[in-house]
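Asker: For the record, in the sequence shown the residue sitting at position 359 is 466 according to the working numbering, with numbers rising by one throughout. Structure provided below as structure tokens; questions to follow.
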Amino acid sequence: MKTEKVGLIYTEDYQKYNFGDSHPLRPLRLSLTYSLMNKIGLFNNKKLEILHPKPCTNKELELVHTPDYIDAVSKLSTNPQDNSVNPSEYGLGPGDNPIFKGMFEASSLVCGASIMVADMVWNDNKCNVAFNPAGGLHHAIENRASGFCIFNDIAVALRYLKTLKKDIKIAYLDIDCHHGDGVQWIFYEDPNVLTISIHESGQFLFPGTGDLDEIGEEDGTGYSINFPLIPGTNNKLYLKLFKECIPKILDSYQPDILATQLGVDTHFSDPLTQMGNSIELYKNLAKEIDEYAQKYCNNKWLAFGGGGYSMTVVPRAWTLFLAQMLDVELPNELPETWITEVKKIVKDEKAPKELWDLDSQMDNQLFKNTIDAENMENYIDTLIELCHEKFLPYLTRK
Ligand SMILES: [Zn+2]
């Protein structure tokens with residue numbers, strides 16, 4: 108039996124995690140996602156349980172973050188002009204992580220939602236997968252905000268799991284276009300949290316880390332795995348790497364549970380990145396991850412959102428993920444009502460016509476002539492070889 112219940116954690120209050128109108132992380136992407144999931148009919152599915160999150164407690168934040176940092180965020184959240192705090196010391200301020208009133212509550216809510224995901228899947232036997240689309244704030248570290256992430260909801264949820272079962276083995280898979288640095292560093296010496304990140308190489312993109320030689324330290328040596336990709340990598344090569352490496356890694360590690368960060372900023376149209384994938388990739392990845400969770404991860408899957416800065420890509424990609432979780436095959440036609448909504452609200456993007464197909468044709472046209480296909484394939488083959496010869500032996504060694 109695959110799954111009886113699928114959890115979706117959602118609230119209108121996610122809109123309050125808002126750095127302002129000129130910031131690329133627009134909460135609109137979440138409301139448009141929720142709207143598409145609804146209009147395409149997924150909310151009629153009997154397996155789906157939609158729950159509202161509650162903010163996590165300070166004690167739960169302290170599973171990861173320093174009291175000093177939590178206090179600083181809290182003070183600036185109440186009074187952004189508070190002179191007793193130096194924001195830049197904590198990665199806060201103009202640029203990526205501008206201070207906004209209520210940011211403490213908005214960030215704690217995202218963490219609470221991710222803890223709820225962990226609870227639903229680990230404690231409630233009826234639920235094999237739960238999804239917090241507002242989560243996935245993978246760049247924040249213990250005492251610092253980074254890359255639009257104030258608190259690291261993923262790390263908080265994983266540490267929370269460790270309070271429920273001390274020796275739990277967690278496999279964390281991060282498909283965001285940016286390296287999953289925060290989660291990696293937080294668990295860098297921990298062999299019970301295996302972090303795997305597939306991302307655009309740090310040579311070209313924030314945060315600049317995620318190189319092949321970042322493999323963990325001390326007891327955690329071998330339990331951090333990175334696949335830095337060349338800009339322009341497309342569906343076919345991405346999927347080849349994924350299928351030849353990820354199941355073998357999971358099979359070798361034998362985790363109790365899988366956690367995924369499902370950033371969809373590897374899409375070719377994403378305004379912040381330079382990759383060559385289309386939405387069809389996410390349809391395929393959803394299918395693969397769902398299968399791996401069942402086969403290698405005890406049929407327990409925690410799904411968190413992540414990056415994605417095109418307002419028309421994120422809703423379609425995450426709707427495909429939810430459909431896969433529910434075992435539903437969606438038609439390629441988008442609901443007219445959703446298209447109308449997009450036309451009305453999203454002024455800087457063309458409204459899409461289809462869920463995935465048209466987009467994949469565009470992908471082929473765009474990238475056929477610009478990339479040195481042979482070099483790209485050779486590089487992917489090198490990564491696969493490295494995974495089999497260097498990364499896997501750490502995991503099978505007892
Ligand atoms: Zn990202």
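Just so it is clear, CB atoms sit at the ideal spot from N, CA and C, and this is done for glycine as well. This one's a predicted model, so the numbers in the text were calculated from it and none came from an experiment.
Do you know how far the Cα of residue 399 is from the Cα of residue 357?
Answerer: Each residue's Cα considered, the two are about 8 Å apart.
Asker: Could you say if the segment 410-425 and the segment 452-464 meet the contact criterion of at least three C-beta pairs nearer than 8 Å?
Answerer: Cβ pair count under 8 Å is three or more, so yes.
Asker: Helix, strand or coil for residue 495 per DSSP?
Answerer: Residue 495: helix per DSSP, three-state reduction.
Asker: What beta strand (DSSP E) runs, 3 residues minimum, are completely inside the segment 435-461?
Answerer: Here no run is fully enclosed.
Asker: Can you find the residues in the same chain that come closer than 8 Å, C-beta to C-beta, to residue 503, ignoring five residues on each side of it along the sequence?
Answerer: So the list reads 359, once near-sequence residues are dropped.
Asker: Which residue's Cα is closest to the Cα of residue 118: 217, 202, 199?
Answerer: Looking at the Cα atoms, 217 is the closest of the given residues.
Asker: Please tell me whether residue 337 and residue 486 are closer than 8 Å, where the distance is taken between their beta carbons.
Answerer: A contact, by the Cβ cut-off of 8 Å.
Asker: For the beta strand (DSSP E) containing residue 112, name the first residue and the last one.
Answerer: Unbroken beta strand (DSSP E) run through residue 112: 112-116.
Asker: Measuring alpha carbon to alpha carbon, tell me which residue in 439, 443, 482, 449 is nearest residue 463.
Answerer: Closest option to residue 463, Cα to Cα, is 439.
Asker: DSSP has residue 335 in a bridge; who is on the other side?
Answerer: Per DSSP, 306.
Asker: Are residue 273 and residue 363 close, meaning C-beta to C-beta below 8 Å?
Answerer: No. Outside cutoff.
Asker: Taking the alpha helix (DSSP H) that residue 229 belongs to, which residues open and close that run?
Answerer: First-last of the alpha helix (DSSP H) with residue 229: 210-229.
Asker: Compute the Euclidean distance between the alpha carbons of residue 178 and residue 162, then round it to the nearest angstrom.
Answerer: Each residue's alpha carbon lies about 16 Å from the other.
Asker: Please state whether the Cβ-Cβ distance between residue 393 and residue 431 is less than 8 Å.
Answerer: Closer than 8 Å, so yes.
Asker: Quick check on the DSSP output: the beta strand (DSSP E) that includes residue 236 runs from which residue to which?
Answerer: Start and end: 234-239.
Asker: Can you list every residue whose CB sits closer than 5 Å to some heavy atom of ligand 1, going in chain order?
Answerer: Qualifying residues come out as 283, 284, 285, 370, 372, 414.
Asker: For residue 159, does the count of other Cβ atoms within 10 angstroms reach 16, so buried, or fall short, so exposed?
Answerer: Residue 159 is exposed by the Cβ-count criterion.
Asker: Quick test of your reading: residue 335 and residue 348, contact by CB under 8 Å. State the CB separation rounded to the nearest angstrom.
Answerer: Not quite, the Cβ-Cβ distance comes to about 11 Å (not below 8 Å), so this is no contact.
Asker: Any idea if residue 412 is buried or exposed, counting beta-carbon neighbours within 10 angstroms, 16 or more meaning buried?
Answerer: Burial call: buried.
Asker: Would residue 381 and residue 339 qualify as a contact pair, given that the criterion is a beta-carbon distance under 8 Å?
Answerer: It is a contact, given that the beta carbons lie within the stated cut-off.
Asker: Which residues does DSSP pair with residue 248 in a beta bridge?
Answerer: Paired residue(s): 251.
Asker: Quick one: what's got a C-beta closer than 6 Å to residue 373's C-beta in the same chain, skipping five residues either side?
Answerer: Excluding residues within five positions, the ones whose Cβ falls inside 6 Å are 284, 382, 384.
Asker: Considering only their Cβ atoms, is the gap separating residue 289 from residue 247 smaller than 8 Å?
Answerer: Yes, the pair counts as a contact, with Cβ atoms nearer than the cut-off.
Asker: Under the three-state reduction of DSSP, which class applies to residue 261: helix, strand or coil?
Answerer: Note: residue 261 maps to helix in three-state DSSP.
Asker: Go ahead and pull the three-state DSSP assignment for residue 476.
Answerer: No answer about residue 476 holds up, because its pLDDT of 45 lies below 50 and its placement is not dependable.
Asker: Could you tell me the boundaries of the beta strand (DSSP E) in which residue 419 lies?
Answerer: First-last for residue 419: undefined, no H or E at that position.
Asker: For residue 325, collect the residues of the same chain with a Cβ closer than 7 Å to its Cβ; drop the 5 residues on either side in sequence, then sort them by chain order.
Answerer: 296.
Asker: Kindly indicate the opening and closing residues of the beta strand (DSSP E) around residue 365.
Answerer: 364-368 is the span of the beta strand (DSSP E), which, as asked, contains residue 365.
Asker: Assuming contact is defined by CB atoms lying nearer than 8 Å, are residue 225 and residue 369 in contact in what I supplied?
Answerer: Contact flag unset, no.
Asker: With a threshold of 7 Å on Cβ separation, who are the neighbours of residue 405 within its own chain once the five nearest residues in sequence on each side are excluded?
Answerer: The answer, listed in chain order, is 363, 364.
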